[in-house]
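Q:
Residue numbers (UniProt numbering): 1 to 205.
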């Protein structure tokens, strides 16, 4: 396996448990993260994640009504970086035209708004792995709302021209083998790999 560099790890929890996931909406953190990645794709990735972190730290939710309100369970999010040596951008045509000096450190991908691909010799592909390790096939209760998260992530990264891999109910060994294979398949110019892990904290998950 290649030595991993430029790693960003994100966490989403609430006090006493994992991130809340609603049956009809999925996980608020995943929804806001995907929305922010889409609307602020011209910003550097750590700046985007910082915006998500600040926004979610101000939100509270009500488990019974599945709504946010001023006081209640706080959604805690944070991100950490490891061996970070270069910047990562999702960027639009305006940034490309005004920042040509960034071409060596920026990853270019398919435009989400019109489907056009830049003819600049940039690689347009990356890999996104979605892991639903929540007794997905065994227990409906354990996976409640997870399909919304999966659909939202897949739609976003497919629009970004990423190769999307979905894993459900996998053991650690299976995940590591898939990860090794995907890293082997990533070309030297396509250095972007996103991994989303969904889990469950109840007795059946």
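We put the CB at the ideal spot given by N, CA and C, even for glycine.
CA-CA distance, residue 215 and residue 45?
A: The question about residue 215 has no answer, for the chain in this structure spans 1 to 205.
Q: In or out: residue 113 buried (at least 16 other Cβ within 10 Å) or exposed?
A: Low local confidence applies: a pLDDT of 35 at residue 113 is under 50, so the model's placement there is unreliable, with the coordinate-based value given in what follows. Exposed: under 16 other Cβ atoms inside 10 Å.
Q: Helix or strand or just coil, what does DSSP make of residue 8?
A: Here residue 8 sits in strand by DSSP.
Q: Buried or exposed, going by whether 16 or more other CB atoms sit within 10 Å of the CB of residue 28?
A: Looking at its Cβ environment, which holds 16 or more other Cβ atoms inside 10 Å, residue 28 is buried.
Q: Straight-line CA distance for residue 155 to residue 21?
A: Between residue 155 and residue 21, the C-alpha separation is close to 19 Å.
Q: How is the beta strand (DSSP E) around residue 196 delimited, first residue to last?
A: It spans 193-198 - the beta strand (DSSP E) in which residue 196 sits, taken as one unbroken run.
Q: How many Å lie between residue 32 and residue 82 at the Cα?
A: If you take the alpha carbons of residue 32 and residue 82, they lie about 24 Å apart.
Q: Using a Cβ-Cβ cutoff of less than 8 Å, which residues in the same chain neighbour residue 7 once the five nearest sequence positions on both sides are dropped?
A: Hits under 8 Å: 81, 82, 83 and 84.
Q: Pick helix, strand or coil for residue 168, following the three-state DSSP scheme.
A: DSSP places residue 168 in strand when its eight states are reduced to three.
Q: Take residue 25 as the anchor and find which of 47, 144, 163 and 51 has the nearest alpha-carbon.
A: Looking at the Cα atoms, 144 is the closest of the given residues.
Q: Are three or more beta carbon pairs between the region 150-166 and the region 126-133 nearer than 8 Å?
A: Short answer: they touch.
Q: Among residues of its own chain, excluding the 5 on either side of residue 152, which ones have a beta-carbon nearer than 8 Å to its beta-carbon?
A: Result list for residue 152: 26, 30, 31 and 34, in chain order.
Q: How long is the line joining the alpha carbons of residue 184 and residue 158, rounded to whole angstroms?
A: Computed Cα separation, rounded: 20 Å.
Q: Does residue 208 come out as helix, strand or coil in the three-state DSSP assignment?
A: Lying outside 1 to 205, the shown extent of the chain, residue 208 is not represented and no answer is given.
Q: Let me know the secondary structure DSSP gives residue 39 once reduced to three states.
A: Three-state DSSP puts residue 39 in a helix.
Q: Return the CA-CA distance between residue 169 and residue 38, expressed in angstroms with no decimal places.
A: So the alpha carbons of these two residues sit roughly 28 Å apart.
Q: In whole angstroms, what separates the C-alpha of residue 192 from that of residue 160?
A: If you take the alpha carbons of residue 192 and residue 160, they lie about 12 Å apart.
Q: Kindly identify the DSSP beta-bridge partner or partners of residue 158.
A: BP columns for residue 158 are empty, so no partner.
Q: With a threshold of 7 Å (Cβ to nearest heavy atom), would residue 179 be considered close to the ligand ATP?
A: Among the components of this structure there are no ligands whatsoever, and the ligand ATP is therefore not found.
Q: Return the chain-ordered list of same chain residues with a C-beta closer than 8 Å to the C-beta of residue 147, the five sequence neighbours on each side being excluded.
A: Contacts found: 26.
Q: Tell me where the beta strand (DSSP E) around residue 27 begins and ends.
A: Taken as a continuous stretch (DSSP letters only), residue 27 belongs to no beta strand (DSSP E), as it is neither H nor E.
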